[in-house]
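Enquirer: To get our numbering, take the position in the sequence shown, counting from 1, and add 4.
Every residue, glycine too, gets a C-beta built ideally from N, C-alpha and C.
Let me begin by handing over the structure; questions about it come next.
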Amino acid sequence: MENKRTKCLKSYVTAKEHAKIQQLAKQTGLSVSDYIRRIITGQRIESRLDQKAFLSALKVNADLGRLGGLFKYYLSQGFKNVPPGEIRKVLHDIEDRQRQLKPVISKIRDMM
């Protein structure tokens, strides 16, 4: 059975709707035609922006896990042989990663 596309669907949209469709297709990395076909046939469409935001969130989360593990190690050692400056640096790095995570989460929330 051949899956050659021979039928054409035609729909009229406003300029604003057309721009939105083009923007959404671009975010997914699909052509407008492929994007519309997938929407109409109920196929799942993943945005490249969603994927990038998700990967960014995973990276920052991994950093937080690593820093949290380091801090937990310091706690288990009773902070022996750990310079106070090192502890402050770890705490600062944790706060920095949390600040990095906030806009990523906001971006993901805005896409939903």
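1) Could you give the C-beta distance for Asp67 and Arg103, rounded to a whole number, given that I count them as a contact under 8 Å?
2) Rounded to whole angstroms, how far is the Cβ of Leu105 from the Cβ of Val64, which I believe are closer than 8 Å?
3) In three-state DSSP terms, what is Asn7?
4) Could you check what DSSP says for Pro87 in three-state terms: helix, strand or coil?
5) Measure the alpha-carbon distance for Tyr39 versus Glu99 and round it to whole angstroms.
Expert: According to the structure shown:
1) With a Cβ gap of about 12 Å, Asp67 and Arg103 do not count as contacting.
2) Indeed, because the Cβ distance is near 5 Å, the residues count as touching under 8 Å.
3) In this structure, DSSP gives Asn7 a state outside helix and strand, which the three-state scheme calls coil.
4) Coil.
5) Using only the alpha carbons, I get a separation of about 40 Å.
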